[in-house]
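Numbering (the working numbering), first residue to last: 173 to 917. Built from N, CA and C at the ideal position, the CB exists for glycine as well. Predicted, not measured: the structure shown is a model, and the values here were computed from it. One structure is given below, encoded as structure tokens.
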Amino acid sequence: MSQTETPHSWPGQPYPLGATFDGTGTNFAIYSGGAEKVELCLFDQDGTETRVRLFEQDAYVWHCYLPQVQPGQLYGYRIHGAYDPATGHRFNPNKLVLDPYAKAITGNIEWNQAVFSYNFGDPDSRNDEDSAKYMPKGVVINPFFDWDGDRLPRIPYADSVIYEAHVKGLTQLHPDIPESMRGTYAGVAHPAVIEHLKRLGVTALELMPVHEFVHDSTLAEKGLRNYWGYNTLNFFAPHGDYSSTGDNGQQVQEFKSMVKTLHANGIEVILDVVYNHTAEGNHLGPTLSWRGIDNAAYYRLEPDARYYTDYTGTGNSLNMRHPHSLQLIMDSLRYWVTEMHVDGFRFDLASTLARELHDVDKLSSFFDLVQQDPIVSQAKLIAEPWDVGPGGYQVGNFPPLWTEWNGKYRDTVRDFWRGEPSTLGEFATRVTGSADLYERSGRRPVASINFVTAHDGFTLRDLVSYNEKHNDANGEDNRDGESHNRSWNCGAEGPTDDPAINELRARQQRNFIATLLLSQGVPMLSHGDELGRTQQGNNNTYAQDSELSWINWEHADKPLMEFTRALAALRHEHPTFRRHHFFNGRVAKRGEGEGLADVIWLSTDGSQMSDETWNEAFVRAVGLFLNGDAIAGRDARGERIRDKSFIIYFNASENDVETRLPNADLDFRWEPVIDTAGKATQLGALGPGDTFTLVSRSLVLLREFTEPEPEPDHSVAASVATTTQAIPIITQANEQASMSDPTDQ
Numbered sequence: 173m174s175q176t177e178t179p180h181s182w183p184g185q186p187y188p189l190g191a192t193f194d195g196t197g198t199n200f201a202i203y204s205g206g207a208e209k210v211e212l213c214l215f216d217q218d219g220t221e222t223r224v225r226l227f228e229q230d231a232y233v234w235h236c237y238l239p240q241v242q243p244g245q246l247y248g249y250r251i252h253g254a255y256d257p258a259t260g261h262r263f264n265p266n267k268l269v270l271d272p273y274a275k276a277i278t279g280n281i282e283w284n285q286a287v288f289s290y291n292f293g294d295p296d297s298r299n300d301e302d303s304a305k306y307m308p309k310g311v312v313i314n315p316f317f318d319w320d321g322d323r324l325p326r327i328p329y330a331d332s333v334i335y336e337a338h339v340k341g342l343t344q345l346h347p348d349i350p351e352s353m354r355g356t357y358a359g360v361a362h363p364a365v366i367e368h369l370k371r372l373g374v375t376a377l378e379l380m381p382v383h384e385f386v387h388d389s390t391l392a393e394k395g396l397r398n399y400w401g402y403n404t405l406n407f408f409a410p411h412g413d414y415s416s417t418g419d420n421g422q423q424v425q426e427f428k429s430m431v432k433t434l435h436a437n438g439i440e441v442i443l444d445v446v447y448n449h450t451a452e453g454n455h456l457g458p459t460l461s462w463r464g465i466d467n468a469a470y471y472r473l474e475p476d477a478r479y480y481t482d483y484t485g486t487g488n489s490l491n492m493r494h495p496h497s498l499q500l501i502m503d504s505l506r507y508w509v510t511e512m513h514v515d516g517f518r519f520d521l522a523s524t525l526a527r528e529l530h531d532v533d534k535l536s537s538f539f540d541l542v543q544q545d546p547i548v549s550q551a552k553l554i555a556e557p558w559d560v561g562p563g564g565y566q567v568g569n570f571p572p573l574w575t576e577w578n579g580k581y582r583d584t585v586r587d588f589w590r591g592e593p594s595t596l597g598e599f600a601t602r603v604t605g606s607a608d609l610y611e612r613s614g615r616r617p618v619a620s621i622n623f624v625t626a627h628d629g630f631t632l633r634d635l636v637s638y639n640e641k642h643n644d645a646n647g648e649d650n651r652d653g654e655s656h657n658r659s660w661n662c663g664a665e666g667p668t669d670d671p672a673i674n675e676l677r678a679r680q681q682r683n684f685i686a687t688l689l690l691s692q693g694v695p696m697l698s699h700g701d702e703l704g705r706t707q708q709g710n711n712n713t714y715a716q717d718s719e720l721s722w723i724n725w726e727h728a729d730k731p732l733m734e735f736t737r738a739l740a741a742l743r744h745e746h747p748t749f750r751r752h753h754f755f756n757g758r759v760a761k762r763g764e765g766e767g768l769a770d771v772i773w774l775s776t777d778g779s780q781m782s783d784e785t786w787n788e789a790f791v792r793a794v795g796l797f798l799n800g801d802a803i804a805g806r807d808a809r810g811e812r813i814r815d816k817s818f819i820i821y822f823n824a825s826e827n828d829v830e831t832r833l834p835n836a837d838l839d840f841r842w843e844p845v846i847d848t849a850g851k852a853t854q855l856g857a858l859g860p861g862d863t864f865t866l867v868s869r870s871l872v873l874l875r876e877f878t879e880p881e882p883e884p885d886h887s888v889a890a891s892v893a894t895t896t897q898a899i900p901i902i903t904q905a906n907e908q909a910s911m912s913d914p915t916d917q
């Protein structure tokens with residue numbers, strides 16, 4: 173690697189960390205508590221290297237100002253110090269390291285012996301080959317962007333519908349997106365994608381990791397790539413491969429443009445962030461950044477400091493006990509909010525962030541910092557409340573500011589609809605907001621991010637098409653991925669020509685989507701589930717950057733898509749499904765009489781559920797009355813919230829159930845709005861004591877029916893017919909979907 177004469181440098185400032193262009197020159201600052209000498213390395217496009225020694229040091233922050241350095245400059249660092257893995261020190265100036273605060277990164281790692289600080293086969297040795305030509309480089313960016321007119325949507329949790337998506341998987345095969353924009357931030361912002369999201373009622377796009385990440389060497393050897401992105405190389409830089417315009421800083425501008433466009437359409441941006449570990453792996457991993465800058469500060473080490481504590485299953489865990497690790501994370505979060513305008517974060521394996529020593533502690537330093545931070549505390553904060561360490565499953569135990577991916581909701585809803593016994597009681601708790609998990613900490617139903625499927629596991633179509641995982645394409649002999657999926661193939665493993673099985677699978681998908689969108693809490697859809705996306709039974713596509721994982725828009729299940737859209741619109745229209753408070757038995761009067769509770773559970777014979785019925789292991793059909801006159805709380809203008817009342821009937825049994833409507837307290841007339849089997853909606857309005865057939869494995873939603881005001885030249889019967897005309901939108905989708913083959917993708 174050739175070098176040029178060292179340019180003249182000014183002292184500069186120790187803050188902010190990173191490379192900061194001020195319109196004239198660039199300030200460089202990097203923390204290293206154990207370094208003996210620090211060199212800033214500037215690179216020309218041809219690879220020529222210029223080294224600038226940093227003499228200034230304030231509280232272990234090394235810094236300088238270079239008046240001649242402009243945006244587009246490539247750079248890295250060489251850190252001199254002790255190389256003694258037994259004491260946790262792994263300094264090696266022969267290894268170019270990336271600035272942890274770099275705002276953009278260009279290039280990819282070339283997996284060569286030189287990027288490792290030891291010789292292969294001898295972990296205790298030291299390798300002094302120069303790694304610079306095999307390493308990506310940081311890029312000095314132009315931070316200025318025209319945000320004029322951008323307004324954060326600030327959508328309340330109760331009104332939110334989250335859509336988990338992958339930048340490439342969402343856009344790579346979309347026929348209306350120009351090829352040059354597919355798989356990129358620009359593709360996400362394309363009108364075709366935005367129109368689809370808006371028609372689905374999506375209010376927040378939760379993007380899988382967009383922090384710069386690494387394609388692991390072990391995957392490269394198999395001809396695979398890290399598709400999901402949970403292997404972070406930098407916590408500030410947007411992933412360069414998702415840019416349609418280049419990775420020399422253009423990715424930053426393109427990401428900002430995407431956010432601005434989504435905001436203009438009323439859609440928030442939530443990032444899936446991975447602060448629990450890094451791409452450097454365990455003691456056999458490469459030296460890319462933190463390891464060569466200050467290994468003992470950034471990572472949790474075992475008593476034998478050669479080895480890393482691993483709560484994540486990825487080889488290392490970030491050291492949340494060190495102030496500079498905490499600062500790194502908080503600075504990153506604030507940067508994405510203030511400079512990139514994102515609206516929130518979903519924290520991967522968030523229990524790791526709570527570990528002070530070994531136990532998960534919800535009062536750890538990280539949560540204290542978030543609580544008091546005036547910027548980060550106001551963003552949406554979503555925890556994946558588990559990790560792989562002891563005591564790591566912490567659903568329900570995060571602090572009041574936080575919402576959580578509710579894994580118990582996912583598991584219970586899956587078990588209920590596949591007909592597992594003794595699930596009815598917990599199912600009832602989950603669809604009404606999981607008060608048992610969140611109420612005691614002062615949180616509300618919106619603390620529960622409800623989901624049935626996510627990126628990790630089966631797609632919705634595969635959930636009803638496979639009993640077993642089929643991960644052979646991953647090259648691990650089908651050993652990877654979850655083996656207990658709580659799935660049911662409806663009678664055949666994988667694709668089938670059996671029309672009865674295909675009809676049942678279609679109905680089960682509708683059951684899951686309807687349950688999700690009618691439950692209290694915040695619903696999260698996994699991208700492509702509304703389109704019938706399949707991964708052919710692979711439940712761990714982390715390395716499948718291919719058509720196996722991408723949405724196939726041309727083979728979309730259009731009836732299922734229309735069904736999902738109609739349900740999302742119904743949820744948006746009716747606040748009874750978006751309650752801000754838990755049910756507590758409050759009573760609301762309707763004219764004369766004693767009034768009705770906010771929620772009543774019904775047996776299919778029309779009576780209220782008894783304790784004995786709840787405790788029967790094989791009861792799988794139940795009704796849920798939601799009182800629209802007993803919605804607690806006030807709207808944004810302080811007005812009382814009122815809505816129509818509803819009954820949801822769930823039947824997860826293998827038998828049709830003759831169902832009688834209550835005729836005592838609930839003396840309403842009812843109109844069928846949703847029937848996942850497409851039968852009950854053919855009945856028209858129903859009255860107290862009327863009966864209908866609740867089809868096996870189906871869901872029916874009834875809405876309180878009020879006779880319309882008489883109009884000239886219209887009979888009451890004609891008015892009823894007109895009123896119910898809008899209802900079969902959902903039914904029509906049901907009937908079409910029942911005839912489609914759900915495995916034709």
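- In the DSSP annotation of this structure, the continuous segment of the beta strand (DSSP E) that includes M696 starts and ends at 694-698.
- In the structure shown, the three-state DSSP call for N711 is coil.
- Assignment of beta strand (DSSP E) within the segment 551-585, counting only whole runs of 3 or more residues, yields 552-555, 575-577 in chain order.
- By the CB criterion at 9 Å, N284 and Y249 fall outside the cutoff.
- Nearest in C-alpha terms to K209, of all of F427, D466, R225, is R225.
- Judged by DSSP secondary structure, W508 falls outside any beta strand (DSSP E) and instead within the alpha helix (DSSP H) spanning 495-510.
- A distance below 9 Å separates the beta carbons of S289 and R463.
- Pairwise C-beta distances place the segment 812-832 in contact with the segment 770-777, as three or more of them are shorter than 8 Å.
- The shortest CA-to-CA distance from D515 to any of V445, G195, Y479 is the one to V445.
- Note on geometry: alpha-carbon atoms of P350 and P844 lie some 43 Å from one another.
- Taking 4 residues as the shortest admissible run, the segment 366-444 contains the following complete alpha helix (DSSP H) segments, listed from N- to C-terminal end: 389-393, 422-436.
- Counting the other CB atoms within 10 Å of its CB gives T604 a total of 16 or more, which places it among the buried residues.
- Of the residues assessed, T706 falls on the buried side of the cut-off, its CB having 16 or more other CB atoms within 10 angstroms.
- Separation of R493 and Y335 (C-alpha to C-alpha, rounded to the nearest whole angstrom) is 33 Å.
- Cβ contact annotation for F749 (same chain, cutoff 6 Å, sequence separation greater than five): L690, R743, in chain order.
- Scanning L739, L796, T831 for the CA closest to the CA of T848 turns up L739.
- Assignment of W462 by DSSP, reduced to helix, strand and coil, places it in the helix class.
- Going by DSSP, Q680 is part of the alpha helix (DSSP H) stretching over 671-690.
- The C-beta distance from T404 to F385 rounds to 5 Å, short enough to fall under 8 Å.
- Of Y610, Y581, V311, the smallest CA-CA separation from L596 is found for Y581.
- Judged by DSSP secondary structure, G190 falls within the beta strand (DSSP E) whose first and last residues are 190-193.
- In this structure I673 is buried. Its beta-carbon is surrounded by 16 or more other beta-carbon atoms within 10 angstroms.
- Contact between L270 and N406 holds: their C-beta atoms lie close to 6 Å from each other, under 8 Å.
- In the structure shown, the three-state DSSP call for F623 is coil.
- Secondary structure in the segment 710-793: the beta strand (DSSP E) runs of 3 residues or longer, each lying completely within the stretch, are 771-774 in chain order.
- Close CB contacts of R677 within its chain, under the 7 Å cut and outside five residues either way in sequence, are with V636, S637, C662, P914 (chain order).
- DSSP places Y471 in the strand class (E or B) of the three-state scheme.
- A residue is called buried once 16 or more other Cβ atoms fall within 10 Å of its Cβ, and T343 is buried on that count.
- By the Cβ rule, the segment 412-429 does not count as touching the segment 224-238, because fewer than three pairs are nearer than 8 Å.
- If you look at K209, you'll find it in the beta strand (DSSP E) that goes 209-215.
- Secondary structure at P844: strand, using DSSP grouped into helix, strand and coil.
- The alpha-carbon separation between L372 and E702 amounts to approximately 9 Å.
- L342 carries a helical assignment under DSSP once its states are collapsed to helix, strand and coil.
- Here the segment 570-579 does not lie against the segment 793-803, with fewer than 3 beta-carbon pairs under 8 Å apart.
- Per DSSP, the unbroken beta strand (DSSP E) holding G516 starts and ends at 516-519.
- Of L434, E654, Q185, L609, the smallest CA-CA separation from T625 is found for E654.
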